[in-house]
Amino acid sequence: DAGITQSPRHKVTETGTPVTLRCHQTENHRYMYWYRQDPGHGLRLIHYSYGVKDTDKGEVSDGYSVSRSKTEDFLLTLESATSSQTSVYFCAIRGGDGNSPLHFGNGTRLTVT
Amino acid sequence: GIQVEQSPPDLILQEGANSTLRCNFSDSVNNLQWFHQNPWGQLINLFYIPSGTKQNGRLSATTVATERYSLLYISSSQTTDSGVYFCAVEAFSGGSNYKLTFGKGTLLTVNP
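The listed protein sequences correspond, in order, to chains G and Y.
For the first sequence, the numbering used here assigns the number 2 to the initial residue and increments by one for each residue that follows.
For the second sequence, the numbering used here assigns the number -13 to the initial residue and increments by one for each residue that follows.
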């Protein structure tokens, strides 16, 4: 199994509060991704990173920011959580030059009340 | 952006049956991957298959890039095959722009 750890695994928070999700990898892979999974929508890309301090937006990036200060850590921040951000969040990694298999963490279930 | 359609959306099988899942995509791709999400939510990479055919045990996959589709075959299905199967494709546009787009999945239920 790819060495990917997401934390926390579950979180309940109130509307308007900031939330940070963490993804930690031990594979030294260059590429890291945040996806959200919602019923009827499959997996949608929020943000991704192609190196330390190098990030780019995905298709559903509004309301989210990311940071990558070390190869092994990729943080996803909801500055002011809304109920529409209730979802399951998956981190994923890819090695090599990017054109390689994608491997997922176990997910974080976030509920915004 | 590229569109990915998976069929059927739902499939129910008896243990031991064979099945074929299909993934159609709207544009040329340089990367296609199949994933299985088990009932506990874990996502496992099954195949990295931009073209050709690969086999892994009872599972095999074929991608015909020129005709913009891929097929996932499951033979002698087992209850542990239940879950959602996702296809994901990538149309690489240069630089560091490696991003996969996912279909909505096929929900497979294998009954004992």
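By construction, the Cβ of each residue, glycine as well, lies at the ideal position given by its N, Cα and C atoms.
In this text the structure is predicted, and so the values were computed from the model without any measurement.
| query | result |
| --- | --- |
| Neighbour flag for LEU18 of chain Y against chain G, beta carbons, 8 Å | no |
| Closer than 8 Å to chain Y by CB, LEU103 of chain G | yes |
| Simplified DSSP state of GLN28 of chain Y, which is helix, strand or coil | coil |
| 8 Å Cβ cutoff met for GLU1 of chain Y and ASN97 of chain Y | yes |
| Closer than 8 Å to chain G by CB, ASN31 of chain Y | yes |
| Three-state class that DSSP yields for SER85 of chain G in the structure shown | helix |
| Pairwise C-alpha distance: ASP74 of chain G and VAL67 of chain G | 10 Å |
| Beta strand (DSSP E) segments (min. 3 residues) lying fully within the segment 17 to 77 of chain Y | 17 to 23, 29 to 34, 38 to 42, 45 to 50, 55 to 60 and 69 to 76 |
| Whole beta strand (DSSP E) elements within the segment 14 to 89 of chain G, 3-residue minimum | 20 to 26, 32 to 39, 43 to 52, 55 to 58, 65 to 71 and 74 to 79 |
| Cutoff 7 Å; reference HIS25 of chain G; Cβ partners in own chain excluding five residues on either side | THR6, GLU73 and ASP74 |
| Cross-strand partners of LYS12 of chain G (DSSP beta bridge) | G:LEU111 |
| Helix, strand or coil at ASN4 of chain Y [DSSP, three-state] | coil |
| One or two residues paired with LEU(-3) of chain Y in a DSSP bridge | Y:LEU94 |
| Where LYS90 of chain Y meets chain G, residues with beta-carbon distance less than 8 Å | GLY41, HIS42 and GLY43 |
| Distance cut-off 7 Å: TYR90 of chain G Cβ against heavy atoms of the ligand ADP | Absent from the structure shown: the ligand ADP. Ligands present: none. |
| For ARG69 of chain G, the nearest candidate out of G:PRO102, G:THR78, G:SER84 and G:GLN86 (CA to CA) | G:THR78 |
| Bridge-paired residues (DSSP) for ASN10 of chain Y | Y:GLU(-9) and Y:TYR55 |
| Candidates Y:LEU93, Y:GLY91, Y:LYS85 and Y:LEU94: closest to TYR36 of chain G by CA position | Y:LYS85 |
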